[in-house]
Every structure is written in C-alpha cells, then in structure tokens.
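K.L.:
So for the sequence shown, the numbering used here puts the first residue at 6; every next one is plus one. Just passing along the structure, written as structure tokens.
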Amino acid sequence: MREFAYQRATGVREALMADARYLAGGTNLVDLMKTGVETPDRLVDGRGLDLGGIRTAGDGGLVLGATATNSVVAADARVRRDYPAVSQALLAGASGQLRNMATVGGNLLQRTRCAYFADPSEPCNRREPGTGCPALHGVHHNHAILDWTEHCVATHPSDFAVPLTAFDAVVRYETLAGPGEIPLPEFYPPVGGRPDRETVLPPGALITEVVLPVAPVTRRSRYRKVRERASYAFATVSVAAALDVEDGVVRDVRVALGGVASRPWRARRAEAALLGGPATPERFRTAAAAELAAAEPLRDNAYKVTLARNLIVAVLTELEGQR
Numbered sequence: 006m007r008e009f010a011y012q013r014a015t016g017v018r019e020a021l022m023a024d025a026r027y028l029a030g031g032t033n034l035v036d037l038m039k040t041g042v043e044t045p046d047r048l049v050d051g052r053g054l055d056l057g058g059i060r061t062a063g064d065g066g067l068v069l070g071a072t073a074t075n076s077v078v079a080a081d082a083r084v085r086r087d088y089p090a091v092s093q094a095l096l097a098g099a100s101g102q103l104r105n106m107a108t109v110g111g112n113l114l115q116r117t118r119c120a121y122f123a124d125p126s127e128p129c130n131r132r133e134p135g136t137g138c139p140a141l142h143g144v145h146h147n148h149a150i151l152d153w154t155e156h157c158v159a160t161h162p163s164d165f166a167v168p169l170t171a172f173d174a175v176v177r178y179e180t181l182a183g184p185g186e187i188p189l190p191e192f193y194p195p196v197g198g199r200p201d202r203e204t205v206l207p208p209g210a211l212i213t214e215v216v217l218p219v220a221p222v223t224r225r226s227r228y229r230k231v232r233e234r235a236s237y238a239f240a241t242v243s244v245a246a247a248l249d250v251e252d253g254v255v256r257d258v259r260v261a262l263g264g265v266a267s268r269p270w271r272a273r274r275a276e277a278a279l280l281g282g283p284a285t286p287e288r289f290r291t292a293a294a295a296e297l298a299a300a301e302p303l304r305d306n307a308y309k310v311t312l313a314r315n316l317i318v319a320v321l322t323e324l325e326g327q328r
C-alpha cells in the first residue's frame, strides 16, 4: 500500500473541505488499496461525524444515518418490522465481522467489481477506461444478463441496495454548494461506455443519510439470495419483493433483482404485469418471464435467466402464502 495522508473529520463541512476520499468502515476501500486497485492520496475519516443514528421520519418512514453500521441497521426493531427485506439483505451480506464495520453510505458506494477488476495485472474498463473487459469472453458465469455492454459485464455487489431500490429509498448528500438527494433507482447509472462512473453523485459529495419512505406494502417483504457458498459471497441472483393483496388481487407490489446487472435492477415490467391482477403462481411466472424477456446471457451464464425467474416466483408465492 502506498503512502497517503489521513485526517479525522468532526463535522460535515470539515470533511467536505478536505478534498479527499471518504473513509467509513473501510471494508471495501482499504482492501482495494492493499491490492493497488485504489490509490487515493488523502483519506478523511468520517466515523467521527454525527451521522450514525436511525430515526423515524415525520411521515412515518425511516432515516438511516450514513455511518450507521450494517449490523445496527439489520437489528433495529423498526427496520425489522416495517422493512424486513432490508434487514434480511444486510444479514445476507458478508460476514458478521464485516457487518460490524461496514456502513450505510459505504455499502452503497462499494465498487462494482469482478476478479479482473481486483487484479491490477489485468485490463479493466472500470479500473482504467479504454483498456477492455476480459470477462466478456473470459470467466463470466456469475456476471450480468441484463443491461450490460461490451465495456463491462460485472454485477453490482450490494445486497442492501436491492430492497432500497425496490422501496424507492432516497440518498441524501451534502456538497460545498449545498445539500441534494437522489432516488435510489436513479443513483446508479447504466453501465454505458464509461463503467468507471458508478454513481450520479456530484464530485466531492458526502452521503449523509438514506430515507426509506413509508409504504404499507414494505411490511410484507422478503429478500432471498442464491450464492455459491453459504456465506461471505456475492449473490448469483437475489430478489427483494413486497406484496399487498386484497381479495386475491395485487394492490401493490415491489420487485428488484441483484446479481443480474451492473446496478440493482428494478423489475418494473414484472410489477406492471402483476398490479391489479390475480396473486397466483401462474401470474407470478408470467410477470417474471416478462421481466426477463430482455435478458442477454453471456456464453456461460444463461442459467441465471431460469434462476431469476424461479426465484421471483418463489418469493412472491411465499409472500402470498403468508397473508
């Protein structure tokens, strides 16, 4: 690891003035610094900022402070009651030790990556734009089936971001020019020709909190993750879903997928196919097929289309059965 300057900030303004990379739990950034993938000249430690709380919003939603740890958020009684898929997603991510360090803001900002990205001896458009994507014709059995381009076929690693996308969470941030906010479904841009641009945050922005809007449907929600080993693995495919049914008819539904694209994938075609229709396994299968009709699997990952379809149906069927 090469030398870098380090500063502890005690206020948001001080952190913004530092003109540096922000460090919270460091569970992604420090690892990448050790391998030489990330080489920041200066880090400002934000763990001393007053951004670690969880509070109820005025409208009944929930506000998660940017430096609240994944463990604290997952265990919060309000999260478990009103947004169970969020708690389940956090518990499905990484190990207990990492969850004790990883933070709300840092989780959302972890780099989209694969083995080629993590190896500085390999070319990678996310690491060095214009060098190529060796995964396109290399090892890609766990890569994207939706919305990829020849510039990058990696999938977004966050479990947490999947239910946040399904529930229309909002990211709030501060800059020297003032505050701003971005809905989670718009936070990650399409991969396009510049995969190194991984969020739409303004330069130098500091995430301060994430807002979960109030929505009755989120109380009946689930997160299901399929992975290649029992723990400490990125999703092969994951689903966050919420379902509100009355008299056998879907009144509200939310579905998002992980492990299928360079960003958490909001399954809007599936939602549209379900809304106002019968809450039956047949309808769930039709909706899943509608969502995955746009899939373009690579040479070795066509199995993900079947897996994603079956997972959507299984989670929605489970939710319907628990009414």
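Note that beta-carbon positions come from the ideal geometry of N, C-alpha and C, so glycine has one too.
1) With the cut-off set at 8 Å, would you say residue 160 and residue 265 are in Cβ contact?
2) At a cut of 8 Å, does the segment 175–191 reach the segment 281–292 through at least three beta carbon pairs?
3) Between which two residues does the beta strand (DSSP E) containing residue 176 stretch?
4) Which residue wins for smallest C-alpha separation from residue 200, given the options 84, 267 and 93?
5) Assign residue 345 to buried or exposed, taking buried as 16 or more other Cβ atoms, counted over all protein chains shown, within 10 Å of its Cβ.
6) Bridge partners for residue 251 per DSSP, in chain order?
7) Identify every residue that forms a DSSP beta bridge with residue 246.
8) Compare the C-alpha of residue 1 against each of 262, 301 and 89 and name the closest.
9) For residue 211, which option in 44, 11 and 50 has the closest C-alpha, if you only look at C-alpha atoms?
10) Could you check the C-alpha separation between residue 259 and residue 207 for me, to the nearest Å?
11) Only counting the same chain, and skipping five residues up and downstream in sequence, which positions put a Cβ closer than 7 Å to that of residue 240?
12) Give the secondary structure of residue 317 by DSSP, where H, G and I count as helix, E and B as strand, and everything else as coil.
13) Under 8 Å Cβ to Cβ from residue 327, same chain only, skipping five residues before and after it: list those, please.
14) Could you compute how far the alpha carbon of residue 41 sits from the alpha carbon of residue 128?
15) Over the uninterrupted beta strand (DSSP E) stretch that includes residue 194, give me the two end residues.
16) Taking residue 59 as the reference, which of 94, 80 and 290 has the closest Cα?
17) What residue range does the beta strand (DSSP E) around residue 61 cover?
18) Quick one: measure Cβ to Cβ for residue 12 and residue 23, integer angstroms, because I've assumed they're closer than 8 Å.
19) Quick check on DSSP: helix, strand or coil for residue 291?
20) By Cβ distance below 8 Å, which residues in the same chain neighbour residue 53 in space, the five residues on each side in sequence not counted?
21) Where residue 103 and residue 32 are concerned, what is the direct C-alpha to C-alpha distance, given to the nearest angstrom?
22) From which residue to which residue does the alpha helix (DSSP H) around residue 152 run?
23) Give every residue of the same chain whose Cβ lies closer than 7 Å to the Cβ of residue 321, excluding the five residues on either side of it in the sequence, and list them in chain order.
24) Between residue 66 and residue 217, is the Cβ-Cβ spacing less than 8 Å?
25) Can you tell me which of the three DSSP states residue 102 falls into?
P.N.:
To lay it out plainly:
1) In contact: residue 160 and residue 265 (Cβ atoms closer than 8 Å).
2) No, the segment 175–191 does not touch the segment 281–292.
3) Where residue 176 is concerned, the enclosing beta strand (DSSP E) stretches over 175–180.
4) Just measuring C-alpha positions, the residue of 84, 267 and 93 sitting nearest residue 200 is 267.
5) Because the chain here runs from 6 to 328, residue 345 falls outside it and cannot be looked at.
6) Residue 251 is bridged to 254.
7) Its beta-bridge partners are 227 and 260.
8) Absent from the model: residue 1. The displayed extent of the chain is 6 to 328, so no value can be given.
9) Ranking 44, 11 and 50 by Cα distance to residue 211 puts 50 first.
10) If you draw a straight line from the Cα of residue 259 to the Cα of residue 207, it is about 28 Å long.
11) Within the same chain, residue 240 has close Cβ partners 164, 230, 231, 232, 263 and 264.
12) Three-state result, residue 317: helix.
13) In chain order, 225 place their CB closer than 8 Å to the CB of residue 327, counting only its own chain and leaving out the 5 sequence neighbours on each side.
14) Distance from the CA of residue 41 to the CA of residue 128, rounded to the nearest whole angstrom, comes to 14 Å.
15) For residue 194, there is no enclosing beta strand (DSSP E), as DSSP gives it neither H nor E.
16) The option with the nearest alpha carbon to residue 59 is 80.
17) Going by DSSP, residue 61 is part of the beta strand (DSSP E) stretching over 59–61.
18) Correct: roughly 6 Å between the Cβ atoms.
19) In the structure shown, residue 291 adopts helical secondary structure according to DSSP, grouped into three states.
20) Taken in chain order, the residues that qualify are 13, 14 and 15.
21) Their Cα atoms are separated by approximately 7 Å.
22) Here residue 152 belongs to no alpha helix (DSSP H), and DSSP marks it neither H nor E.
23) The answer, listed in chain order, is 246, 248 and 289.
24) A contact, by the Cβ cut-off of 8 Å.
25) Here residue 102 sits in helix by DSSP.
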